[in-house]
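Engineer: Before I ask anything, let me first share the structure, which is written out below as structure tokens.
Protein chains: 2
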Amino acid sequence: MTDERQTLSRRERLRAQTLQEIEDVSFAIIDADGVHALSFAALARTMAMSAPAVYRYFPSREALVAHLVTVSYQQLADAVREAAEGGKRTPRVRVRLLVAAYRDWALRYPRRYGMLFGDMPSDMSGNTPLDQAMAALIDLLSIIQGPSPADAGSGDRALDGQLRRWAIAQDRPATSPRAARVAILIWTRVHGIVSLELTGIFGNQTVDAQRLIELETDNAISALVGT
Amino acid sequence: MTDERQTLSRRERLRAQTLQEIEDVSFAIIDADGVHALSFAALARTMAMSAPAVYRYFPSREALVAHLVTVSYQQLADAVREAAEGGKRTPRVRVRLLVAAYRDWALRYPRRYGMLFGDMPSDMSGNTPLDQAMAALIDLLSIIQGPSPADAGSGDRALDGQLRRWAIAQDRPATSPRAARVAILIWTRVHGIVSLELTGIFGNQTVDAQRLIELETDNAISALVGT
DNA sequence: TTGTAGTGTTACTACTCATAACACTGCACT
DNA sequence: AGTGCAGTGTTATGAGTAGTAACACTACAA
Chain A
1 MTDERQTLSR RERLRAQTLQ EIEDVSFAII DADGVHALSF AALARTMAMS APAVYRYFPS
61 REALVAHLVT VSYQQLADAV REAAEGGKRT PRVRVRLLVA AYRDWALRYP RRYGMLFGDM
121 PSDMSGNTPL DQAMAALIDL LSIIQGPSPA DAGSGDRALD GQLRRWAIAQ DRPATSPRAA
181 RVAILIWTRV HGIVSLELTG IFGNQTVDAQ RLIELETDNA ISALVGT
Chain B
1 MTDERQTLSR RERLRAQTLQ EIEDVSFAII DADGVHALSF AALARTMAMS APAVYRYFPS
61 REALVAHLVT VSYQQLADAV REAAEGGKRT PRVRVRLLVA AYRDWALRYP RRYGMLFGDM
121 PSDMSGNTPL DQAMAALIDL LSIIQGPSPA DAGSGDRALD GQLRRWAIAQ DRPATSPRAA
181 RVAILIWTRV HGIVSLELTG IFGNQTVDAQ RLIELETDNA ISALVGT
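Residue numbers (the working numbering), protein chains in the order written: chain A, 1 to 227; chain B, 1 to 227.
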């Protein structure tokens, strides 16, 4: 009956546990009142701990927030990629599932979504989790597009070149400019709708944002296959 | 040679002047370091004033920020509406100008744009300046669409009903669902691109966001006239 | 001329981020 | 087993900010 976790010493276990608790409590505070309400003092209070002790785990409040941002990106990307697996479904349906998962995550954690994309500018070029989620989207789009027009452009030579460079920066050098463009369009469209939906710009429930996103996604995809 | 501004007393003039200076300095701080850097202390310091004096003008920091948000919305909406006038140009071109003005404002004042749409959720339903800017956009789209298919829908009955209700909430009850839908699409698409552009998601200058916006706007407009 | 409302000041409290100084403890090493 | 150190916690403290209180000066109206 002796446990197998000998790789971690008692101290390491306790540290990991405390780290996890800091993360959980931080997210609870953020989800409840927004990232501005997250303070070492409040955090330590609910953890029955002194505030300076938190500095043993994060060198500053800013560093803690940065960590939470990283974790959140990972969670969003995971949710999106998981939804994109979609078993035996068609690539088109899987794109819809991916997009729906994106919106669902944003609606479930609106303050975290605001933390990720709201506090601008944050320069998140080279964000690995998001790059992975984009890779999943580009994969699906490439399947939909098929192998035939592999190098079909978007009809704009300058933009095509930029899209190629962007695809290379995503570690997807084989991506066709058109697929790259559609991937960007889907992401920007969905983000635009979700972002404005969260601010309550549509007067709250007067417009079905989910339906709007489906229409926008389908429209973008038809730019991929049709002319 | 006696001045004509007798409607304002000396006190009222000084108050208006101080109020204006608070606004200017606040925007300078925000543009430089973001809204989080705006404190009554910093504000009062650069104004060579004591911090509590600011409370004679705004009851709290939150109230000051709220005021700055309102002013910023007004400025953005004015910039957009002004660009949409566009003299003798065609409605289609004027939509492009409107959209370009939106992006230009966001790029010129990225921290303010982040303040407006970043700190979510803020529930800005019933935002008069933005409603006015949307009205200008809907006007142009209605002209483009022409009077013929005045009640042409978007092909989705439920969504059409929601769009009608949304148009009514915008004080534009005569708007066709299709024009309303295109207006929303243009706004969400442009906001999505600009918002992600500001976060540096495109790797900074690898993708021409302006070109992307033009393509997206044209695509949305063709959904208005074509099928 | 005088009272009052408006505008400014300094003094103060409460809260936050962050550092310093110190105490206890797991754990590695002899 | 004993020793010492790194790791983890504490309290004390400083600096910065939001906001209030008490008080002083001033424009202006009665």
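Backbone N, C-alpha and C fix where the C-beta goes; we use that ideal spot for every residue, glycine too.
Let me confirm a value: A63 of chain B is counted as buried when at least 16 other C-beta atoms fall within 10 Å, else exposed. Which label applies?
Structural biologist: So A63 of chain B counts as exposed.
Engineer: Checking contacts by CB at 8 Å: is L68 of chain A closer than that to chain B?
Structural biologist: Chain B contact via Cβ: absent.
Engineer: Taking the alpha helix (DSSP H) that Y55 of chain B falls in, what are its first and last residues?
Structural biologist: Taken as a continuous stretch (DSSP letters only), Y55 of chain B belongs to no alpha helix (DSSP H), as it is neither H nor E.
Engineer: Closer than 7 Å, Cβ to Cβ, to anything on chain A: give me those residues from the stretch 188 to 205 of chain B, in chain order.
Structural biologist: Hits within the stretch, in order: T188, R189, H191, G192, I193, S195, L196, L198, T199, G200, I201, F202, G203, N204.
Engineer: Our contact map puts S122 of chain A next to T206 of chain B with C-beta atoms below 8 Å; I'd like the distance itself, whole angstroms only.
Structural biologist: The pair is not a contact, with the Cβ atoms about 17 Å apart (cut-off 8 Å).
Engineer: Closest to R211 of chain B by CA distance: which of A:I168, A:G161, A:A179, A:L212 is it?
Structural biologist: The shortest C-alpha separation from R211 of chain B is found at A:G161.
Engineer: At 8 Å on the CB atoms, spell out the chain B contacts of Q162 of chain A, in chain order.
Structural biologist: Simply T206, V207, D208.
Engineer: Where do the N-terminal and C-terminal ends of the alpha helix (DSSP H) with F117 of chain A fall, by residue?
Structural biologist: First-last of the alpha helix (DSSP H) with F117 of chain A: 110 to 117.
Engineer: Closer than 8 Å by beta-carbon distance: list the chain A residues that pair up with G87 of chain B, in chain order.
Structural biologist: Going along chain A, no residue has its Cβ under 8 Å from G87 of chain B, so there is no contact; the nearest lies around 28 Å.
Engineer: Report the three-state DSSP secondary structure of R279 of chain A (helix, strand or coil).
Structural biologist: No answer is possible for residue 279 of chain A: it lies beyond the span of chain A, which begins at 1 and ends at 227.
Engineer: Check whether chain B comes within 8 Å of W105 of chain A, counting only Cβ atoms and requiring the distance to be less than that.
Structural biologist: Taking Cβ atoms only, chain B never reaches closer than 8 Å to W105 of chain A, which makes this a no.
Engineer: Below 8 Å on the Cβ atoms is my guess for L76 of chain A versus E23 of chain A; work out the distance and round it to an integer in Å.
Structural biologist: That pair is no contact at about 15 Å.
Engineer: If you drop the 5 nearest sequence neighbours on each side, which residues of the same chain put their C-beta closer than 8 Å to that of V65 of chain A?
Structural biologist: Cβ within range, chain order: V35, L38, M115.
Engineer: Using a C-beta to C-beta distance shorter than 7 Å, which residues of chain A count as neighbours of F117 of chain B?
Structural biologist: Within chain A, the residues near F117 of chain B are S195, T199.
Engineer: Please look up how many angstroms separate the CB atoms of S222 of chain B and H191 of chain A, rounded, as I've assumed it's under 8 Å.
Structural biologist: Rounded, the Cβ-Cβ distance is 22 Å, inconsistent with contact.
Engineer: With DSSP as the reference, label I201 of chain B as helix, strand or coil.
Structural biologist: The answer is coil: DSSP assigns I201 of chain B none of H, G, I, E or B.
Engineer: Check this for me: beta carbons of S50 of chain B and A42 of chain B, under 8 Å apart or not?
Structural biologist: No, these two residues do not count as a Cβ contact at 8 Å.
Engineer: Hey, W166 of chain B and F40 of chain A are a contact pair by Cβ (cut 8 Å); roughly how many whole angstroms apart?
Structural biologist: Incorrect: roughly 43 Å between the Cβ atoms, too far for contact.
Engineer: What are the start and end residues of the alpha helix (DSSP H) that includes A37 of chain B?
Structural biologist: First-last for A37 of chain B: undefined, no H or E at that position.
Engineer: Excluding sequence positions up to five away, which residues of its chain have a Cβ less than 6 Å from the Cβ of E216 of chain B?
Structural biologist: R189.
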